[in-house]
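S.K.: Below is one structure. I have some questions about it.
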Amino acid sequence: SMLSGMYTGGTPNLNAIGLALNANKETIALVNTIDVVFGGLYLLFLLTVGKKFFSLFLKKEEEKNVPIELVETTHEEQIPAWKRIILPNGIGLLLATLGFGVSVAFTFLIFSSLYAPSILLGITTWGIGISFHSKVRQLKTYEFGSYLILVFSVAIGFLADLEELKKDFGTVSLILLSILFGAIGIHLILGILFKIPVDTWIITSVSSIYGPAFVPPVVQ
């Protein structure tokens, strides 16, 4: 279930589902660790020889000579750091804290206890709801949110028992490899059938497995 969440919504979904299912800390840490290892290897492959390899199966994109133009300094770069970074992230953190508080309050009113699945459902509903507001979408807090997820993952890793991690490493690795490379294989077959250009295929592969943030490095 955690891996299904991860490959449809990324690491936040993995951690949220793990908490909702009351999975132990070792399992959450192990899945995150193995995903980083094998996911990192696939990303390294794409950054090095991936295009040459997949060009053997997929249609090559026509080369286009695009003139290089000088880009003027944008207005955004001239905005003070506190207004460009601190203020949006502060508002984002405040909204997230408010959503957490509302979710905990409603959960306690309904169940008279802190029921994790209900709290996570409330936080998710809150996040989706406020995302419809254009001002919220303009905050650009993706990097800050990713940083908080990394902090959470490191904290879970410190709490995990290494002996328990070693015990389930083989099984979890096999499951993750099956899902990861099974998805890549199906994606490749569909790309061949529908004659998708190799560049387009690689970009969609990266965005679906790692998320939009990893697309620019691969494109470059």
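Those letters in the sequence shown? Residues 927 to 1146, by our numbering.
The beta-carbon is built from N, C-alpha and C at its ideal position, and this holds for glycine as well.
On a predicted model such as this, the values are computed, not experimentally measured, just so you know.
Need the endpoints of the alpha helix (DSSP H) that Glu987 sits in, please.
M.R.: Counted from its first residue, the sequence shown places residue 987 at position 61. Glu987 -> no alpha helix (DSSP H), and no H or E assigned at all.
S.K.: Have a look at the DSSP bridge pairing and note the partners of Pro1123.
M.R.: Indexing the sequence shown from 1 puts residue 1123 at position 197. In the DSSP output, where bridge partners are listed per residue, Pro1123 has Lys985.
S.K.: Could you spell out the range, first to last residue, of the alpha helix (DSSP H) harbouring Ile1056?
M.R.: Position 130 of the sequence shown, counted from the start, is the residue given in the question as residue 1056. That run of the alpha helix (DSSP H) goes 1042-1057.
S.K.: Considering only C-alpha positions, which residue in the set Asn948, Val1145, Gly936 is nearest to Tyr1041?
M.R.: As a position in the sequence shown, residue 1041 is number 115, starting the count at 1. Comparing Cα-Cα distances from Tyr1041 to each of Asn948, Val1145, Gly936, the minimum goes to Asn948.
S.K.: From Phe1084 to Phe983, what distance separates their C-alpha atoms?
M.R.: The residue you call residue 1084 lines up with position 158 of the sequence shown. The residue you call residue 983 lines up with position 57 of the sequence shown. When rounded, the distance between both Cα atoms is 43 Å.
S.K.: Roughly how many angstroms lie between the CA atoms of Asn941 and Lys986, to the nearest whole one?
M.R.: Position 15 of the sequence shown, counting from 1, holds the residue named residue 941. Position 60 of the sequence shown, counting from 1, holds the residue named residue 986. Distance between the alpha carbons of Asn941 and Lys986: 38 Å.
S.K.: For Glu1089, count neighbouring Cβ atoms within 10 angstroms of its own Cβ and tell me buried if that reaches 16, exposed if not.
M.R.: To locate residue 1089, count along the sequence shown from 1; it is residue 163. Exposed, because fewer than 16 other Cβ atoms sit within 10 Å of the Cβ of Glu1089.
S.K.: In whole angstroms, what is the alpha-carbon distance linking Leu1119 and Thr1033?
M.R.: Along the sequence shown, read from residue 1 onward, the residue named residue 1119 stands at position 193. Along the sequence shown, read from residue 1 onward, the residue named residue 1033 stands at position 107. Taking the straight line joining both Cα atoms gives about 48 Å.
S.K.: Can you tell me whether Tyr1073 is buried or exposed? The criterion is at least 16 other CB atoms within 10 Å of its CB, across all chains shown.
M.R.: What you label residue 1073 is simply residue 147 of the sequence shown in a count that begins at 1. The residue in question, Tyr1073, is exposed, as its Cβ has fewer than 16 Cβ neighbours within 10 Å.
S.K.: How would you write the range of the alpha helix (DSSP H) that Pro1143 sits in, first residue to last?
M.R.: Counting from 1 along the sequence shown, the entry for residue 1143 is found at position 217. Segment 1141-1145, the alpha helix (DSSP H) holding Pro1143.
S.K.: Of all Cβ atoms in chain D, is any one closer than 7 Å to the Cβ of Val1141?
M.R.: Note that chain D does not occur in the displayed structure, where there is just one protein chain.
S.K.: Would you say Thr1067 and Asn1015 are within 7 Å of each other, going by their C-beta atoms?
M.R.: Counted from its first residue, the sequence shown places residue 1067 at position 141. Counted from its first residue, the sequence shown places residue 1015 at position 89. Cβ distance < 7 Å, so Thr1067 and Asn1015 count as in contact.
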